[in-house]
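So the structure is just underneath, and the comments pick up after that.
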Amino acid sequence: MCGISGAYYFDSNVDLEKDNLLRMNNAIVHRGPDNGSINVIGHVGLGHRRLSILDLSLNGNQPMQTNDDRFTIVYNGEVYNFLEIKEKLSKIGYVFNSTTDTEVILKAFQEYGTACFTMLNGMFALAIYDNKDDLLYLCRDRFGIKPLYFYKDKDKLLFSSEIKAIKAYENLNLSLNYQALSEYLWFGNPLGNLTFYEQIEEVNSGTYIIIGINTFVEKKYFDINSIKENDLTENQIINRVSSLLEESVKSQLISDVPVGVFLSGGIDSSAITAFASKHYKGKLKTYSIGFDYDKGINELPLAKKIAEKFETEHHEIQISGNDLISVIESLVESHDEPFADAADIPLYLISEKLKGEVKVVLQGDGGDEFFGGYSRYNTLSSSKKWNKFSFISSLISLTKTENTKLLRLKRFLEAISDKKQYKRNALLLTMESKSSNPFLVLSSRIKEKVLDKDPFKKYQEVYSQYPKEKNSVQALFYTDAQIILKDTFFEKVDKSVMANSMEVRVPFIDNNLTDFMLSVPSSLKTKNGEQKYILKKALRGIVPDEVLDGKKKGFGVPYAYWLKTSLADYFCKQIQTKKVSNFIDSNEVLRLFTLHKNGKGNYGFLLWKVLILAIWLNNNAINE
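The sequence shown begins at 209 in the numbering used here and counts up by one.
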């Protein structure tokens with residue numbers, strides 16, 4: 209795992225300043241503390257920070273060039289099928305100087321051009337410069353596991369693994385993206401290719417961009433909608449899932465440094481542990497975490513049983529949330545923009561605790577989205593039943609109640625009864641509701657600029673690409689794979705863990721496995737009200753029944769409670785600075801805060817989003 213950065217000047221007669229490139233590269237040293245290098249080729253520069261995992265020798269350092277100096281690559285990620293590609297290239301005469309996947313990708317591009325991107329099975333963000341044709345290529349993996357941002361004005365294009373590297377370039381004029389702000393207030397993060405900066409975008413997942421003096425072309429190399437539903441029997445699907453998942457775990461164990469597993473005791477991490485312990489050369493290390501704030505949920509005993517069954521070297525790590533303020537501020541800095549999924553706190557703490565002990569861990573992200581792990585998949589399959597009760601929402605409104613359970617029911621009924629499918633599914637994902645717009649926390653001046661922004665725009669865009677025959681539940685699976693995975697979960701994992709120089713791999717995201725699961729009918733992912741139906745069937749006899757039949761759990765991060773207690777004074781201090789007071793409606797926010805603190809309504813998520821936004825505003829300069 210690494211960090212990349214670079215620049216392309218649109219005037220080929222202007223040499224790139226090395227100092228700017230060095231500043232960009234040094235801004236992401238945490239992504240690669242083992243080595244840092246830059247390469248300036250006239251008006252183009254590439255930078256790389258290395259976290260050594262494959263081929264620990266100097267031969268693995270980047271930027272890396274072909275022997276004829278035509279192509280130069282900087283690359284962040286892991287491609288797990290690189291040995292297969294290497295063998296194919298070797299047969300047609302290519303010779304390799306290292307044992308890295310980087311060199312394989314570089315020479316695959318040399319041979320096949322952009323067609324090589326479809327061959328890559330893994331997680332990656334890369335830049336390749338063609339010195340002969342004077343073209344820069346930026347490419348990102350199918351589901352956006354690894355981040356890649358770019359800035360473009362009339363003079364130049366800048367790119368990096370993190371926004372902070374782009375901001376390290378001198379004299380950039382950055383302004384606030386109000387569409388991103390509207391999405392953040394509804395969902396806790398911007399969606400799609402948007403960032404909080406109008407001039408900085410993400411490279412879309414499954415996409416590459418070609419940049420030249422007079423060229424800027426974006427092309428998709430992977431289209432999720434090209435995958436058709438299969439007609440296999442249930443037993444055939446069960447057998448295929450088991451073999452594909454095992455093969456994915458096996459392939460993702462490749463490393464020249466020790467590999468561990470984050471083991472929670474849930475289905476996904478237990479499955480990874482089962483297959484990893486079978487194929488790992490040596491004693492597999494597993495890590496389970498407990499938190500002093502994790503009231504009522506303790507998966508340590510079950511995780512220990514799993515570890516004992518598969519004979520791993522198991523470590524239980526107790527994390528204290530005492531110094532919350534410094535952790536929260538560090539995470540705001542790590543994300544470079546407001547990001548309100550508080551589950552990044554335990555991830556940051558565990559990776560901080562393990563820093564220097566392990567470089568690579570496997571984690572179960574993607575299991576819920578591809579196999580049906582959320583209750584909303586079941587809910588959506590019976591949405592017509594719920595429509596009969598939509599009138600209750602109006603009755604609750606008439607009572608003007610602050611009862612948390614009734615308000616939650618009201619929000620759910622408003623969501624499930626929305627006539628627009630894309631909006632219905634989006635509303636099921638958020639804790640905000642149509643009758644209580646989160647824009648109310650903004651100052652009137654900022655609110656005017658946000659009111660015409662549609663926070664559901666990305667959902668409408670994604671749904672517009674689906675064929676009419678796709679059923680609503682399958683559409684939700686496809687949508688989660690394109691939006692919530694990248695924009696929430698992969699953003700959370702990458703930034704919170706890479707802040708502590710650690711790589712997380714996700715075996716549930718494998719080209720062969722995800723292609724297959726996208727072809728499986730939604731009726732087999734959840735069946736008769738059972739979540740992860742097909743996955744449980746596939747793992748029966750591999751993972752203990754106690755895990756497969758247990759109730760889904762998760763680490764609850766009690767931000768709503770913290771706002772009433774340990775973070776109360778800090779919250780008030782952050783929102784009452786001059787900078788933030790101009791941005792939010794302090795009176796309205798304090799009104800909601802008082803109600804929340806006195807137990808007269810749960811405004812925890814909205815107030816948490818306000819707090820993260822306030823911290824970011826207080827620590828960043830941006831033009832409105």
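Don't be surprised by glycine CBs; every beta carbon is placed ideally from N, CA and C.
Computed from a predicted structure; not experimentally measured.
Option in the options with minimal Cα separation from residue i
i           : options               : result
residue 830 : 365, 732 and 385      : 385
residue 730 : 807, 426 and 588      : 588
residue 378 : 230, 575, 568 and 728 : 230
residue 222 : 723, 691, 364 and 456 : 364
residue 316 : 274, 756 and 575      : 274
residue 693 : 425, 796 and 578      : 578
residue 698 : 551, 226, 673 and 666 : 551
residue 278 : 336, 799, 265 and 810 : 336
residue 723 : 404, 437, 411 and 353 : 437
residue 849 : 249, 647 and 751      : Missing from the structure shown is residue 849; the chain here goes from 209 to 832 and no further.
residue 665 : 753, 426 and 388      : 388
residue 432 : 562, 675, 487 and 782 : 675
residue 367 : 352, 339, 390 and 334 : 334
residue 516 : 348, 625, 752 and 779 : 752
residue 638 : 651, 621, 652 and 448 : 621
residue 424 : 218, 406, 832 and 493 : 218
Contact set for residue i: own chain, Cβ-Cβ below 6 angstroms, skip 5 residues either direction
i           : result
residue 504 : Bear in mind that the predicted position of residue 504 carries a pLDDT of just 49, short of 50, making it unreliable; the figure below should be weighed with that in mind. So no residue of the chain qualifies.
residue 695 : 397 and 399
residue 580 : 733, 734, 739 and 740
residue 509 : none
residue 703 : 542 and 543
residue 430 : 350 and 414
residue 726 : 435
residue 670 : 687 and 690
residue 800 : 811
residue 216 : 252, 344, 365 and 419
residue 821 : 546
residue 268 : 306 and 308
residue 401 : 409, 410 and 412
residue 814 : 646
residue 630 : 667, 668 and 671
Residue i beta carbon near the ligand COA (any heavy atom closer than 6 angstroms)
i           : result
residue 412 : Only the bare structure without any ligand can be found here, which leaves the ligand COA out of the picture.
Own chain, CB closer than 7 angstroms to residue i, minus 5 neighbours either side, in chain order
i           : result
residue 812 : 767, 768, 771 and 804
residue 497 : 525, 527, 554 and 558
residue 623 : 632, 635 and 636
residue 756 : 475, 744, 747 and 748
residue 721 : 452, 453 and 456
Contact set for residue i: own chain, Cβ-Cβ below 8 angstroms, skip 5 residues either direction
i           : result
residue 261 : 209, 286, 463, 464, 465, 567, 568 and 711
residue 835 : Missing from the structure shown is residue 835; the chain here goes from 209 to 832 and no further.
residue 241 : 257, 259 and 709
residue 319 : 297, 300 and 302
residue 239 : 209, 210, 211, 257, 259, 284, 369, 370, 706 and 709
The beta strand (DSSP E) enclosing residue i, as first and last residue numbers
i           : result
residue 258 : 252-258
residue 713 : 711-713
residue 523 : 521-527
residue 424 : 423-428
residue 550 : First-last for residue 550: undefined, no H or E at that position.
residue 247 : 243-249
residue 409 : 408-410
residue 215 : 210-217
residue 570 : 568-570
residue 416 : 415-420
Residue interval of the alpha helix (DSSP H) (run including residue i)
i           : result
residue 575 : 575-579
residue 812 : 812-827
residue 637 : It is not in any alpha helix (DSSP H) - residue 637 carries neither H nor E in the DSSP assignment.
residue 797 : 794-805
residue 687 : 680-690
residue 767 : 767-772
residue 722 : 719-727
Beta carbon proximity, residue i to chain D, threshold 7 angstroms
i           : result
residue 795 : Protein chains in the displayed structure number just one, and chain D is not present.
Subject >> Runs of alpha helix (DSSP H) lying entirely within the region 448-500, each at least 4 residues, in chain order >> reply: 475-487
Original post:
Which residue spans inside the region 357-384 form an unbroken alpha helix (DSSP H) run of at least 4?
Top reply: 371-375
Subject >> Cβ contact (3+ pairs, closer than 8 angstroms) linking the region 283-291 and the region 310-323 >> reply: yes
Original post:
Where are the beta strand (DSSP E) runs, 3 residues long or more, that stay fully inside the region 265-353, in chain order?
Top reply: 279-287, 330-338 and 343-348
**OP:** Could you say if the region 740-750 and the region 786-799 meet the contact criterion of at least three C-beta pairs nearer than 8 angstroms?
**Re:** no
Original post:
Is it true that the region 437-444 meets the region 355-375, where meeting means three or more beta-carbon pairs spaced less than 8 angstroms apart?
Top reply: no
Original post:
At a cut of 8 angstroms, does the region 324-344 reach the region 416-432 through at least three beta carbon pairs?
Top reply: yes
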